[in-house]
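Residue numbers (the working numbering): 17 to 267.
Every residue, glycine too, gets a C-beta built ideally from N, C-alpha and C.
A short write-up of the structure that comes next.
Structural data, given as structure tokens:
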């Protein structure tokens, strides 16, 4: 990766930084590929890597989704070819530039109040979409003072605020093997603007960034649900939907 000085405003830039995950150094190779139009730069890194991406906005929105923190044993990065095969640990791009990552081995992804652990993942920064395999998501819900856990064969990020987990279970139990859970074929998690009986809540300003912040709550919808207690199925319901901080939601 090469640090490129772009003549544009900071608000239109995406920054990518690469660090070693531990005290051990990583190995990196970078090459130009002519198999696509335009040509791509393919960088392969082994040995434990942390990739930080900031300056990412949601599609068709001015809201910054915050820093995305991706760690894995191995990472492959695709960018547009830049005329040099030198590897650099920091890069600046325009936000519509190509940036795709394949991650493998002991993956941890952090964004906002969400943390995902997985075995394999693919992430496209331009479209803000991802496919995450053998994954467990934890999302902290302040009203519950606890994490919601979603364990799934695969999790698809359809947008920064919308996740789809397939063949999944959901629980607020923090034990490795939860004593209670909801087993579902599909679980949808999305951040929705907080509503009150007076209508949508006004925007607030983040004192650290000066950016507008939407009051949001985590909304969960699950399909084909079986409530399991200590390994025994107790009841079935075709659909459960509601705010995750609702104490009446059976998770």
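According to the Cβ coordinates, are residue i and residue j closer than 8 Å?
{"i": "residue 87", "j": "residue 123", "result": "yes"}
{"i": "residue 66", "j": "residue 94", "result": "no"}
{"i": "residue 172", "j": "residue 147", "result": "yes"}
{"i": "residue 126", "j": "residue 85", "result": "yes"}
{"i": "residue 71", "j": "residue 31", "result": "yes"}
{"i": "residue 58", "j": "residue 91", "result": "no"}
{"i": "residue 134", "j": "residue 69", "result": "no"}
Buried or exposed, going by whether 16 or more other CB atoms sit within 10 Å of the CB of residue i?
{"i": "residue 208", "result": "exposed"}
{"i": "residue 45", "result": "exposed"}
{"i": "residue 139", "result": "buried"}
{"i": "residue 213", "result": "The predicted position of residue 213 is uncertain, since its pLDDT is 47 and thus under 50; no value can be drawn from it."}
{"i": "residue 268", "result": "The chain is shown from 17 up to 267; residue 268 falls before or after that span and cannot be answered."}
{"i": "residue 241", "result": "buried"}
{"i": "residue 96", "result": "exposed"}
{"i": "residue 250", "result": "exposed"}
{"i": "residue 78", "result": "Confidence at residue 78 is low in this model, with a pLDDT of 48, below 50, so the placement of that residue is unreliable and no value is reported for it."}
{"i": "residue 201", "result": "exposed"}
{"i": "residue 132", "result": "buried"}
{"i": "residue 176", "result": "buried"}
{"i": "residue 238", "result": "buried"}
{"i": "residue 159", "result": "exposed"}
{"i": "residue 255", "result": "exposed"}
Taking 7 Å as the limit between beta carbons, can you name the residues of its chain near residue i, skipping five residues before and five after?
{"i": "residue 18", "result": "With a pLDDT of 40 at residue 18, under the threshold of 50, the modelled position of this residue cannot be trusted, and the question is left open."}
{"i": "residue 64", "result": "36, 37, 38, 40, 42 and 89"}
{"i": "residue 183", "result": "168, 169 and 201"}
{"i": "residue 174", "result": "145 and 180"}
Using C-beta distances below 8 Å, list every residue in its chain close to residue i, excluding the 5 sequence neighbours before and after it, in chain order.
{"i": "residue 195", "result": "189, 245 and 246"}
{"i": "residue 28", "result": "110 and 111"}
{"i": "residue 163", "result": "154, 155, 156, 157, 188 and 190"}
{"i": "residue 56", "result": "48, 49, 94, 95, 96, 97 and 114"}
{"i": "residue 53", "result": "none"}
{"i": "residue 23", "result": "Here the model assigns residue 23 a pLDDT of 39, short of 50, so the residue's position is not dependable and the matter cannot be decided."}
What residues in its chain sit with their C-beta under 6 Å from that of residue i, if we drop five residues either side in the sequence?
{"i": "residue 128", "result": "82"}
{"i": "residue 137", "result": "119, 123 and 148"}
{"i": "residue 197", "result": "185, 187 and 244"}
{"i": "residue 121", "result": "88, 89 and 90"}
{"i": "residue 199", "result": "185, 242 and 244"}
{"i": "residue 204", "result": "180 and 237"}
{"i": "residue 235", "result": "206, 208 and 259"}
Consider the Cβ of residue i: report whether some Cβ of chain D lies at a distance smaller than 8 Å.
{"i": "residue 65", "result": "Looking at the structure shown, chain D is missing, and only one protein chain is on hand."}
- Which runs of the beta strand (DSSP E) fall wholly inside the segment 108-190 and span at least 3 residues, in chain order? 115-127, 130-140, 145-157, 162-175 and 178-187
- Report yes or no: do three or more beta-carbon pairs, one from the segment 139-156 and one from the segment 165-176, lie closer than 8 Å? Under the Cβ criterion (8 Å, minimum of three pairs), the segment 139-156 counts as touching the segment 165-176.
- Can you give, in chain order, each stretch of the beta strand (DSSP E) that sits fully within the segment 23-53 and has at least 3 residues? 29-36 and 43-49
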